[in-house]
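According to the working numbering, the sequence shown holds residues 8 to 151 in order.
Glycine included, each C-beta is placed from N, C-alpha and C at the ideal position.
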Amino acid sequence: MDTDPDAPVLIFDGDCPYCSVAAVALRRLDGVAAVPWAADPVGPFLDAQFGSRPFAMVLVDPGEGRVYAGRSAAEELADRAGTPGIVGGLVRDNYDRIAGVVGALSGRDRDPADVHDASELTDAASELVADLRGAASDPPEALP
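Take a look at the structure:
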């Protein structure tokens with residue numbers, strides 16, 4: 008786990024084996040701490056950032072002071088992974104469709120929240136990033 012206080016943190020659907028593998032791959036490539044949505048520190052962080060607990064992929068970048076949610080998180084991750092710009096655009100434009108297919112394949116019983124913006128990291132949420140990092144998940148051993 009990365010202990011750099013400015014390293015990004017990804018909040019992802021930890022009940023989805025496909026999402027878990029993708030999150031772990033990103034962590035290995037970019038030093039991103041991957042935290043399952045159901046981890047205890049996630050709810051208070053989301054409350055502090057959004058005023059609610061949207062079920063969405065969220066990328067927190069304390070170094071930039073930015074938070075990316077939903078489509079913007081997917082596009083930002085694609086860009087950081089070094090994929091061509093067209094791939095990030097395709098991911099952004101098809102986020103809902105991709106999330107629906109992955110949800111159906113993994114048996115997820117809820118749809119992602121309609122939260123897709125990039126915003127400034129709030130002061131209250133910033134104070135909780137270390138708690139998120141401490142809850143980073145271990146790599147899954149294998150897909151079921």
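- For Glu83, the enclosing alpha helix (DSSP H) covers residues Arg78 to Arg87.
- Of all alpha-carbon atoms in Gly58, Ala45 and Ala41, the one lying nearest the alpha-carbon of Val67 is that of Ala41.
- Here DSSP, grouped into helix, strand and coil, assigns Phe19 to strand.
- Take Tyr75, set aside five residues on each side of it, and the residues of its chain with a beta-carbon closer than 6 Å to its own are Leu66, Glu83 and Ala125, in chain order.
- Nearest Cα to Ala142 within the set Gly38, Asp13 and Ala45: Ala45.
- In this structure, Pro51 sits away from Leu128, with a CB-CB distance that is not shorter than 8 Å.
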